[in-house]
Amino acid sequence: MIDELVAGGEPKTHPPQHDFHLLDHVPLGIVVVRQDMVVLFWNRCLEEWTRVSSESIVGRSIVDRFPHLGHDRYALRFTQVFETGVPTVFSSRLHGQIVPATTSGARERIQHTTVTRVVNLHEGQRCAMLSIQDVTDLTHRVRESRVMLLELSQKQEALTSALSELEQSEVELERSNKTLHDFAHAAAHDLKAPVRHIRAWASMILEDDGDDLSDSATGKLKDIDKFAARMHNLISSLLSYAQVDASPPVKSAVALNEVFDDARSEFEDVIAETGASVVLGDAPEVRGNSVLLHQLFQNLIGNALKYRKPDVPPKVELRCEQDEQQGWCSISVVDNGIGFDSSRADRIFEPFRRLVTAREIEGSGIGMAMAKKIVELHGGAIAASSKEGHGATFTVTLPLAVKHIRLLIVDDDVADLQLTAHELASSGLVISTAGSSKEAFEIVETGTVDVVLSDYEMPVEDGLRLLKRIAQKYPDIQRLLTSSVSPPGLAESTESGVVQGFWPKTMTAEQLQEFLATTTAA
113 MIDELVAGGE PKTHPPQHDF HLLDHVPLGI VVVRQDMVVL FWNRCLEEWT RVSSESIVGR
173 SIVDRFPHLG HDRYALRFTQ VFETGVPTVF SSRLHGQIVP ATTSGARERI QHTTVTRVVN
233 LHEGQRCAML SIQDVTDLTH RVRESRVMLL ELSQKQEALT SALSELEQSE VELERSNKTL
293 HDFAHAAAHD LKAPVRHIRA WASMILEDDG DDLSDSATGK LKDIDKFAAR MHNLISSLLS
353 YAQVDASPPV KSAVALNEVF DDARSEFEDV IAETGASVVL GDAPEVRGNS VLLHQLFQNL
413 IGNALKYRKP DVPPKVELRC EQDEQQGWCS ISVVDNGIGF DSSRADRIFE PFRRLVTARE
473 IEGSGIGMAM AKKIVELHGG AIAASSKEGH GATFTVTLPL AVKHIRLLIV DDDVADLQLT
533 AHELASSGLV ISTAGSSKEA FEIVETGTVD VVLSDYEMPV EDGLRLLKRI AQKYPDIQRL
593 LTSSVSPPGL AESTESGVVQ GFWPKTMTAE QLQEFLATTT AA
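With our numbering, the residue at position 72 of the sequence shown is 184, and numbering never jumps.
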């Protein structure tokens, strides 16, 4: 239709609109102008955008209606199109609007315009067609995206900076902690020596010259020895407290029954002297450090025996409850001692905080603070409850050991396979191994596997495909993946439930045991 802009010998000033009806239905603004810039066609889309009817503009110069199009920045480029036939583009970024128009929301309608030459076949008259695309929404989305990208970039920079500061803080904290531990050790050692000398001299004076001393002087020397002994105990307790978290504890499956027995044996003399009863309930295995757990229950049992009622035989009972589904064990140490005001329970776990004075009952004020630190190092919690004159209860929550779970480790690298099995030897798991996906699936089919830990990088069939096959046929078997790289498709496999846990091979043996303890607890 555009090639027949002129019918017969003379140009039509007002060409019939039906000649261009196809252009009325395109989602673009279309205007056709002659070389003298007289408008030959103005489509319906432009009528809606500009509220300028085709009747009011067709046959008139477009420059009369939109004077800016007569400026050199537009006129010269129109002339170039007419003369060379090379299309030109007025981009939305540089020109914004070729014809002023607004959106339904009264926003400026941003336009991207392409000007193309068309020729009248009858007269050879050169015309130009302006195709105007509305890019308002796109432009605003691009701008919003740029703002979001800028904000994201700024947040990323802030996060990177924060992580860098955090890493630096961790390094400084580690250095500070080491300095503190070293200082505590040195200070305790240096303080113990003069205390020992004080006790030694007091003892020597009492032994060698006791008969020549007055009763008052003898009493004072005995007080010196007693206070020096108390100071020695306090220094020892302070050193122990400082060393509890000097390094991450190595954890394994620990039988609480053995820990309870060992801790109770430390107090055989006190039990015999006071007629105490220490009843140990049956307890499961927990995941922890046996040395620290011994220290924990030694403190708790000792605390229960220490704060006894006068002339009443102490009774201490250890009760255990376990939640295998959640993977936790709760141990309560219950006594019939003097108790305390429950409103002050939280103070018990603060260093050097005591609810009774040293004159009433000997103590350093460190024991319960140390107990809390040990429990927290195991990822657990400790709480105290009591009523004055009616005994006290200390409740400790610890993670259960991963016990009797049958783990299949799959890895084609024999060295890695043996190393992983060795690292998990003390975890309480029943371990079997396979060097290929085929061998692994055969073992799974025997019904002797609860958890599969498969390497990703395997020949023939990778770990993800193996776990997918297992998930389809044996959905109750837990499926874990390990790799030294980030496997493609891991996110999708995790989301779909094919992979229920991922362990990077950069983890330490301790972290691997923690990972398995967490993922297999239920």
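Every residue gets a Cβ at the ideal spot worked out from N, C-alpha and C, and that includes glycine. As the structure is a computational prediction, the values presented were derived from the model and not from experiment.
Tell me whether threonine 225 is buried or exposed, calling it buried when 16 or more other Cβ atoms sit within 10 Å of its Cβ.
By the neighbour-count criterion, in which 16 or more other beta carbons inside 10 Å mark a residue as buried, threonine 225 falls on the buried side.
Report the option in Ser216, Gln237, Leu318, Val445 whose CA atom is closest to the CA atom of leucine 392.
Scanning Ser216, Gln237, Leu318, Val445 for the CA closest to the CA of leucine 392 turns up Val445.
Taking just the CA atoms, how far does glutamate 607 sit from leucine 531?
30 Å
Between glycine 387 and the rest of its own chain, which residues show a CB-CB distance below 6 Å, the 5 nearest in sequence each way excluded?
Pro425
Can you tell me whether alanine 384 is buried or exposed? The criterion is at least 16 other CB atoms within 10 Å of its CB, across all chains shown.
exposed
Strictly by DSSP, which residues pair up with threonine 214?
Glu220
Taking the beta strand (DSSP E) that threonine 545 belongs to, which residues open and close that run?
542-546
Where in the region 514-593 do unbroken runs of the alpha helix (DSSP H), each at least 4 residues long, occur, reported from the N-terminal end onward?
526-535, 549-556, 575-585
Is the distance from the Cβ of serine 548 to the Cβ of aspartate 524 below 9 Å?
yes
Host alpha helix (DSSP H) of valine 382 (start-end):
380-386 is the span of the alpha helix (DSSP H), which, as asked, contains valine 382.
Would the region 175-187 and the region 260-275 be scored as touching if the rule is three or more Cβ pairs under 8 Å?
no
How about arginine 205: is its C-beta nearer than 9 Å to some C-beta of chain D?
No chain D appears in the structure shown, which is made up of a single protein chain.
Integer-rounded CB distance, given that glycine 451 should sit under 8 Å from glycine 501:
6 Å
With H, G and I counted as helix, E and B as strand and the rest as coil, what does DSSP make of lysine 427?
Per DSSP, reduced to three states, the secondary structure at lysine 427 is strand.
Rounded to a whole number of angstroms, what is the C-alpha to C-alpha distance between arginine 219 and valine 247?
12 Å
Sorted by chain position, which residues of the same chain lie with C-beta nearer than 6 Å to aspartate 562's C-beta, five sequence neighbours on each side aside?
The residues are Ile517, Arg518.
By DSSP, does glutamine 129 sit in helix, in strand, or in coil?
Because glutamine 129 carries a pLDDT of 42, less than 50, the predicted location of this residue cannot be relied on, and the following value inherits that uncertainty. Three-state DSSP puts glutamine 129 in a helix.
Contact between the region 590-602 and the region 562-580 (3+ Cβ pairs under 8 Å)
yes
Sequence-distant residues of its chain with Cβ nearer than 6 Å to leucine 135 (five each side left out)
Ile142, Asn155
Counting C-beta neighbours from all protein chains within 10 Å, is the total for serine 605 16 or more, i.e. buried, or is it exposed?
buried
For the region 236-243 against the region 187-195, do three or more pairs of beta-carbon atoms, one drawn from each stretch, fall closer than 8 Å, so that the two count as touching?
yes
Among Ile310, Gln410, Pro212, which residue has its Cα nearest to the Cα of threonine 162?
Pro212
Please name the residue, chosen from Val428, Arg258, Phe153, that lies closest to aspartate 447 on a Cα-to-Cα basis.
Val428
With a CB to CB cut of under 6 Å and the five nearest residues on each side skipped, what residues in its chain are close to valine 382?
Leu417
C-beta atoms of leucine 576 and glycine 609 nearer than 9 Å
no
Taking tryptophan 440 as the reference, give the member of Leu404, Ala496, Pro511, Ala395 with the closest Cα.
Pro511
Just confirm the distance between the C-beta atoms of leucine 430 and phenylalanine 379, as a whole number of angstroms; I'd bet it's less than 8 Å.
Wrong, their Cβ atoms sit about 13 Å apart, outside the cutoff.
Can you tell me where the alpha helix (DSSP H) holding arginine 189 begins and where it ends?
Here the alpha helix (DSSP H) through arginine 189 covers 184-196.
Kindly give me the distance between the Cβ atoms of alanine 552 and leucine 520, rounded to whole angstroms, as I take these residues to be in contact under 8 Å.
6 Å
With DSSP collapsed to three states, give me the class of serine 203.
coil
Taking its Cβ as the centre, do 16 or more other Cβ atoms sit within 10 Å of glutamate 472, making it buried, or is it exposed?
For glutamate 472, the pLDDT reaches just 48, beneath the cut-off of 50, and the residue's location in the model is therefore unreliable, leaving the point undetermined.
May I ask which residues mark the beginning and end of the beta strand (DSSP E) holding aspartate 458?
No beta strand (DSSP E) holds aspartate 458; DSSP gives it neither H nor E.
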